[in-house]
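Peer 1:
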Amino acid sequence: GAGVSQTPSNKVTEKGKYVELRCDPISGHTALYWYRQSLGQGPEFLIYFQGTGAADDSGLPNDRFFAVRPEGSVSTLKIQRTERGDSAVYLCASSLSPKRAREGYTFGSGTRLTVV
Amino acid sequence: AQSVTQLDSQVPVFEEAPVELRCNYSSSVSVYLFWYVQYPNQGLQLLLKYLSGSTLVKGINGFEAEFNKSQTSFHLRKPSVHISDTAEYFCAVSDIISNTGKLIFGQGTTLQVKP
Chain F
10 GAGVSQTPSN
20 KVTEKGKYVE
30 LRCDPISGHT
40 ALYWYRQSLG
50 QGPEFLIYFQ
60 GTGAADDSGL
70 PNDRFFAVRP
80 EGSVSTLKIQ
90 RTERGDSAVY
100 LCASSLSPKR
110 AREGYTFGSG
120 TRLTVV
Chain V
4 AQSVTQLDSQ
14 VPVFEEAPVE
24 LRCNYSSSVS
34 VYLFWYVQYP
44 NQGLQLLLKY
54 LSGSTLVKGI
64 NGFEAEFNKS
74 QTSFHLRKPS
84 VHISDTAEYF
94 CAVSDIISNT
104 GKLIFGQGTT
114 LQVKP
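Here the protein sequences come in this chain order: F and V.
Count along the first sequence from 1, then add 9; that gives the number in my numbering.
Count along the second sequence from 1, then add 3; that gives the number in my numbering.
#1: So does the stretch 26-39 of chain V actually touch the stretch 84-95 of chain V, counting three or more Cβ pairs closer than 8 angstroms?
#2: Once you ignore the five residues that flank V/Arg80 on each side, which residues in its own chain have a CB closer than 6 angstroms to its CB?
#3: Thinking just about the alpha-carbon of each residue, which of F/Ser118, F/Glu112 and F/Arg121 is nearest to the one in V/Gln53?
#4: Does any residue of chain V have a CB that is nearer than 8 angstroms to the CB of F/Tyr57?
#5: Using a Cβ-Cβ distance cut-off of 8 angstroms, determine whether V/Asn102 contacts chain F.
#6: Compare the C-beta of F/Gly81 with all C-beta atoms of chain V and state if any pair is closer than 8 angstroms.
#7: From F/Thr61 to F/Leu41, what distance separates their C-alpha atoms?
#8: Taking F/Ser18 as the reference, give the member of F/Leu86, F/Thr123, F/Gly119 and F/Asp65 with the closest Cα.
#9: Determine whether the Cβ of V/Tyr53 lies closer than 8 angstroms to any Cβ atom of chain F.
#10: Do V/Gln13 and V/Gln115 have their beta-carbon atoms positioned less than 8 angstroms apart in this structure?
#11: Just reading off the beta strand (DSSP E) that F/Lys87 is part of, what are its end residues?
#12: By the three-class DSSP mapping on this structure, what secondary structure does V/Asp88 have?
#13: Which same chain residues end up closer than 7 angstroms to V/Thr89 when comparing Cβ atoms and leaving out the 5 residues on each side of it in sequence?
#14: Counting only beta-carbon atoms, is F/Gln89 nearer than 8 angstroms to chain V?
#15: Distance cutoff 8 angstroms, beta carbons only. Does V/Lys105 sit that close to anything in chain B?
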């Protein structure tokens, strides 16, 4: 597609439930990033994929968070046993390569997750 | 490790006035520097970047920024703002060595342009 697509755009879930957030990067982009943006804050890095593998997952806050990219294109961020503190906008970004990522990414519009 | 501090959470300014959004960073290694803009209900858009070379960089929509290594700053400026510049602005750094492209963002500055 023309840009990075994230679905759903909004998700409301009950505390304790499991959620999946999807990211469709720009076709051919091998580098994919997930960030979390809490209200009034800048985005915080969660995880970076190069191809199918997670090259850096140092930003995942705990073991309730997990992300996959099985075929090197679409990625899914999975959150188990959601908590109210997980409420945030989850942003995905992609780049042609890690080297090109130095020049800036293309971000999606994000998924706003609300845990009630 | 790196950190980014945006010194002003909100900057109100009248239309056609000049504006400066301040950004300071801390890092033990060399970094690349970025400014991103986020319009309401939209994703982040790259405004400009400093990778190397001239310390004055120009971006889209008439914005420019100057890298000052001695002061570890990368302030964003525009000589005359428009109502349409109202948005959230984020300064970010990426370390050169790790080569992952991971960004560390500041807390953001809300630019409010008044008529």
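C-beta: ideal position from N, C-alpha, C; glycine also.
Peer 2: Quick answer:
#1: yes
#2: Glu23 and Glu67
#3: Reading off the sequence shown, one finds Tyr at residue 53 of chain V, where the question assumed Gln. Comparing Cα-Cα distances from V/Tyr53 to each of F/Ser118, F/Glu112 and F/Arg121, the minimum goes to F/Glu112.
#4: yes
#5: yes
#6: no
#7: 10 angstroms
#8: F/Gly119
#9: no
#10: yes
#11: Ser84 to Ile88
#12: helix
#13: Leu114, Gln115 and Val116
#14: no
#15: The structure shown contains no chain B; its protein chains are F and V.
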